[in-house]
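The structure under discussion appears below in the form of structure tokens.
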Amino acid sequence: MRVKLLLPGLPLLLILMWACADQIDPVYQFEDGFYLVEGRIANQDGYGKVSVSLSELVDGVYRLNRLEGARVSTVDDQGQTVEWEANAGTIDYYPPENFTGVPGRSYHIRVETPDGKILESSPETMPEPVPIADFRISFEQEAYFDVVRDAFIPAFRLLIDADDPAGRDNFYQWSRRTFQLVDVCQSCYFQRYRNGQCESHRSARFAERWDYLCEGQCWGVSNPLDFQLFSDQFSQGLPIRDLLVGYEDFDRPNGGLLIEVSQLQLSRENYEYNSLLKQLTTESGGLNAAIPSALVGNMRELGAGEELTVLGYFGAVSVAAERRFIDRATVDGVSLPFDRDIRLEPAPDCVMDCPPLAPCSGPRWTSTEPEGWEE
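Note that the sequence shown covers residues -21 to -1, 1 to 354 in mature numbering (1 follows the signal peptide of the UniProt record, and there is no 0).
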């Protein structure tokens, strides 16, 4: 595949939907498609995932689509192959339940496409995990300034301590996820919810939104895309203290909120890849902006034949995580505006078992009470 970039040096794999701030938008001259494989295997349940997609140019719009019929497997340094499970309707694949990586062992990903192509990553050894010594949360009414919203944002500051091991190079990535109880598991705009999906119906033509309550207790799971990176190149063996690893907005005035911070140990190559990705998507712009660089991953196509471009990175990471629970009703501050209205489908439009309940299922929901929940 050949793709020409009119902005010198900037790669295809900017994945612009990941960006959290202003970014450089390259102009592409497309000649063919490419495969994108991104993900990781981890030493704990719930942290492994790989996304597989194929680029396509449709009516002048550049898209990444699900690769239907692909088989995704991990292979370890002893030749053991484990097939991962597709998440229906998405580009994501997850490892089987209770399957995790082992620190010190090496792994790579193998993707078999429907037309017989084999895409593989370079093997990567999983680092030893480093525990989080402490995780603290503090609230600030004006925690940071958001350029898009043109306002100071009330938020919880997430602070960690860790004891960096001496005698080895360590590369860290911190990210977060949250859990909170939700009442609504599906919303339909100018449509109604039936048979597991939103569908058109004359009764909903003028309904801007109808909400559908969850079947039983349900927690919404949020995985913000921003992350922080750190290398101990100049501080090897020194304690890490009071490190700000993220903010969580105070976006509603009450209800419980469970915040998890995960500390990932990366290989040097994975760290360098993510550093460049972060620079290109969240730190570009300004008079002193760095010149864009090529984002080179560790994916390739095996076998002879026409050369195919495969982009992305698959890494082996170890994880340490801590959780803290907050009752937002006890916070001494003012939250962001919150829409409290639940707009149920009117009863006259229902015949029986109506309005229907929506299932608490999928990557954004869980009906299992998360560990650390206190309500």
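For each residue, glycine too, the CB sits at the ideal point set by N, CA and C.
Because the structure is a prediction, the values reported are computed rather than measured.
Can you tell which of Gly175, Val200, Pro74 has its C-alpha closest to the C-alpha of glutamate 64?
Stepping through the sequence shown from its first residue, residue 64 is reached at position 85. Among Gly175, Val200, Pro74, the Cα nearest to that of glutamate 64 is on Pro74.
**Message:** Using 8 Å as the threshold, is the C-beta distance between glutamate 99 and leucine 281 below it?
**Reply:** Numbered from 1 along the sequence shown, position 120 holds the residue referred to as residue 99. Numbered from 1 along the sequence shown, position 302 holds the residue referred to as residue 281. The answer is yes: Cβ separation under 8 Å.
Selected residue, minimal CA-CA separation from aspartate 306, among Leu15, Phe118, Arg279, Pro106:
What you label residue 306 is simply residue 327 of the sequence shown in a count that begins at 1. Looking at the Cα atoms, Phe118 is the closest of the given residues.
- Message: Taking 8 Å as the cut-off, does the region 111 to 126 touch the region 159 to 170 (at least 3 CB pairs, one atom from each stretch)?
- Response: no
- Task: Please classify proline 133: is it buried, with 16 or more other beta-carbons within 10 angstroms of its beta-carbon, or exposed?
- Result: Residue mapping note: residue 133 aligns to position 154 of the sequence shown, counting from 1. Flag for proline 133 reads buried.
Specify the secondary structure class of residue 358 as computed by DSSP and reduced to three states.
-> Because residue 358 is not part of the residues shown, which for the chain are -21 to 354, the question remains open.
- request: Would you please state the rounded distance, in angstroms, between the beta carbons of leucine 245 and glycine 294? I believe it to be under 8 Å.
  value: Numbered from its first residue, the sequence shown carries residue 245 at position 266. Numbered from its first residue, the sequence shown carries residue 294 at position 315. About 6 Å; that satisfies the 8 Å criterion.
- Message: Give me the residue from Arg19, Val310, Ile116 with the minimum Cα distance to glutamate 301.
- Response: Translated into the one-based positions of the sequence shown, residue 301 becomes position 322. It is Ile116.
Contact under 8 Å by Cβ, tyrosine 151 with glutamine 242: Position 172 of the sequence shown holds residue 151. Position 263 of the sequence shown holds residue 242. Yes.
Worksheet item: Where does serine 182 sit, in a helix, a strand or coil, going by DSSP?
Response: Within the sequence shown, the letter at position 203 stands for residue 182. Reduced to three states, the DSSP call for serine 182 is helix.
Thinking C-beta only, is valine 200 closer than 8 Å to phenylalanine 158? If you number the sequence shown from 1, residue 158 lands on position 179. If you number the sequence shown from 1, residue 200 lands on position 221. Against a cut-off of 8 Å, the Cβ pair of valine 200 and phenylalanine 158 comes out as a contact.
key: Reference isoleucine 20; option with closest CA among Thr260, Asn233, His87   = Looking up residue 20 in the sequence shown gives position 41. Isoleucine 20 has its Cα closest to that of His87, out of Thr260, Asn233, His87.
My guess is that residue 416 and leucine 315 are in contact by the Cβ rule of under 8 Å, so how many angstroms apart are they, rounded?
This structure leaves residue 416 out entirely; the chain is present only between -21 and 354.
Kindly indicate if chain C contains any beta-carbon less than 8 Å away from that of alanine 295.
Reference to chain C is not applicable here, since this structure consists of a single protein chain.
Next item on the list: State the start and end residues of the unbroken beta strand (DSSP E) segment that holds tyrosine 191.
Entry: Residue 191 sits at position 212 when you count from the first residue of the sequence shown. It spans 189 to 192 - the beta strand (DSSP E) in which tyrosine 191 sits, taken as one unbroken run.
For leucine 259 and arginine 184, what's the separation of their Cα atoms in angstroms? Working through the sequence shown from its first residue, we reach residue 259 at position 280. Working through the sequence shown from its first residue, we reach residue 184 at position 205. Spanning the two alpha carbons is a distance of roughly 42 Å.
- Query: For the region 83 to 134, which segments carrying the alpha helix (DSSP H) assignment without a break, of at least 4 residues, lie completely within its bounds, in sequence order?
  - Reply: none
Between phenylalanine 213 and cysteine 339, what straight-line distance do the alpha-carbon atoms span, to the nearest angstrom?
Position 234 of the sequence shown, counted from the start, is the residue given in the question as residue 213. Position 360 of the sequence shown, counted from the start, is the residue given in the question as residue 339. Rounded to whole angstroms, phenylalanine 213 to cysteine 339 spans 47 Å at the Cα level.
Review point. Given a threshold of 16 other Cβ atoms within 10 Å of its Cβ, counted over all protein chains shown, does arginine 147 qualify as buried or as exposed?
Key: For the purposes of this step, residue 147 is taken as the residue at position 168 of the sequence shown. Exposed.
Pairwise C-alpha distance: leucine 208 and aspartate 142: Residue mapping note: residue 142 aligns to position 163 of the sequence shown, counting from 1. Residue mapping note: residue 208 aligns to position 229 of the sequence shown, counting from 1. Between aspartate 142 and leucine 208, the C-alpha separation is close to 16 Å.
ask   = Taking just the CA atoms, how far does glutamate 178 sit from alanine 186?
value = Against the sequence shown, residue 186 aligns to sequence position 207. Against the sequence shown, residue 178 aligns to sequence position 199. Using only the alpha carbons, I get a separation of about 12 Å.
Suppose you measure from the CA of tyrosine 72 to the CA of arginine 84; what does that come to, to the nearest Å? On the sequence shown, residue 72 is found 93 positions in, with the first residue counted as 1. On the sequence shown, residue 84 is found 105 positions in, with the first residue counted as 1. Their backbone Cα atoms lie some 21 Å apart in a straight line.
Quick one: using the 10 Å Cβ neighbour count with 16 as the cut-off for buried, is alanine 130 buried or exposed?
Taking the first residue of the sequence shown as position 1, residue 130 is located at position 151. With fewer than 16 other Cβ atoms within 10 Å, it is exposed.
| task | Mark arginine 155 as exposed unless 16 or more other C-beta atoms lie within 10 angstroms of its C-beta, in which case mark it buried. | result | Stepping through the sequence shown from its first residue, residue 155 is reached at position 176. Classification of arginine 155: buried, given that the 10 Å Cβ count is 16 or more.
Spatial neighbours of glutamate 353 within its chain, please: C-beta separation below 6 Å, excluding the five flanking residues on both sides. By one-based count along the sequence shown, residue 353 stands at place 374. Phe304.
Pick from Pro349, Arg322, Pro335, Phe13: whose alpha carbon is nearest that of arginine 188? The residue labelled residue 188 in the question sits at position 209 within the sequence shown. The residue with the shortest Cα to Cα distance from arginine 188 is Arg322.
Where does threonine 79 sit, in a helix, a strand or coil, going by DSSP? Here residue 79 is taken as the residue at index 100 of the sequence shown, counted from 1. Coil.
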